[in-house]
Structure formats: structure tokens, C-alpha cells
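Just below is one structure, and these are the notes that go with it.
In the numbering used here, the protein residues as written are 1 to 189.
Written out as C-alpha cells, the structure is:
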């Protein structure tokens, strides 16, 4: 599959300075600061979305979605945190998963993935970097490869955030090789 991926291609920026990816396309979102890339996604990304998050609580995601005038009932969240998650609202929220539990993450993503529609669904993973702090690179790579393959095979758009400055260039390039495009966060501003 790597032969079919153009590693020099960068993602495009849609109207309003938002991430622009096609159905089935997988984008590495290279960012320089912590925090989820929710503000960088177009409104249509929130019509049918699963957010795998290491940095946002469900109530914050709900607020961000509602502030854009969108329906939070169309959003699923897989919270990756060592802390308990107490949320009672319109988002679909999986069981909390510890950042070191990559098997648990894959199980909860599988549960949420069934609700994503081909052609319109989005899978947003806000921090590969955080998982790299808790697990070996090869294990995080294997999980990310699985996420990307499932999204691609099911015609779901994927956006996977990685802090460029906290990983070695070879690590960045390894994760970059999984994706169809790279979108630089600084290009969106």
C-alpha cells in the first residue's frame, strides 16, 4: 500500500480555512500545540463523527459543537484518560480507556465505528503523541495502522493529530507513511 501513497502530497485547506479531505482519505494533522483539532474541522465533519480524544472531556466537545450551531447527538466520543469520565448528555460516549490500554482503545473505537456512515463519516484522533508517551512506538503504530485501514476501507474520512515537535523526524515520517495526505496546522491559520 505504501507505493500508492504520495508522501510529498500535503492536504488541502477548504473554504474557511478548515481541513478538507475526501471520503476514505486519511490525513495526518501535523500540529505544533496541544489540543484537539476540532476548530480546524469543517461543519460537515460533525454530521457523523467519532472523536478519539486524549485531551478533551465530552462536555467540552459538546460545548464546541453547540457553539457552532451543530447537533451533538451526531457525535461519538472515545475518552482516553486515566481519570474517571462523568458525563450525561447527548453525545454517545464509550467507556473510558487508559492511554496505555491500546487493546481497550481498539475495542471502544470498534464499538463507535459501527455508527459511522460510508462517505459522510469522520474519525478524528486528537493525539497520537499522547499515546506515544504511554506505549511503545511499534504498538501505537500498529493501532494507528488499524484505525486508518478501517476508516479507508469503510470510506470514512480520517484526521489523526500528531505534535511534530515532540517526536523524532523518523517517527513523524513513519506515521506520515500511513496517511494519504499531511495537513500542517499552521497552514490553516
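The beta-carbon is built from N, C-alpha and C at its ideal position, and this holds for glycine as well.
Note that the coordinates shown come from a computational prediction; the quantities given were computed from them, not determined experimentally.
Asked                                                                                                                                                                  : Found
Report the start-end ranges of each alpha helix (DSSP H) in the segment 45-117 that is 4 residues or longer and not cut off at the edges.                              : 58-67 and 102-113
Within 10 angstroms of the Cβ of residue 66, are there 16 or more other Cβ atoms? Answer buried if so, exposed if not.                                                 : exposed
Count the other CB atoms, across all protein chains shown, that sit within 10 Å of the CB of residue 204; report buried if there are 16 or more and exposed otherwise. : Nothing can be reported for residue 204: it is not among the residues displayed for the chain, which extend from 1 to 189.
Between the C-alpha atoms of residue 124 and residue 51, what's the straight-line distance to the nearest angstrom?                                                    : 5 Å
Are the CB atoms of residue 157 and residue 25 within a distance shorter than 8 Å?                                                                                     : yes
Should the segment 143-160 be called in touch with the segment 72-92, which here means at least 3 C-beta pairs below 8 Å?                                              : no
Mind checking which residues open and close the alpha helix (DSSP H) that includes residue 149?                                                                        : 137-153
Could you check how far apart the C-beta atoms of residue 29 and residue 161 are, in whole angstroms? I think they sit under 8 Å.                                      : 4 Å
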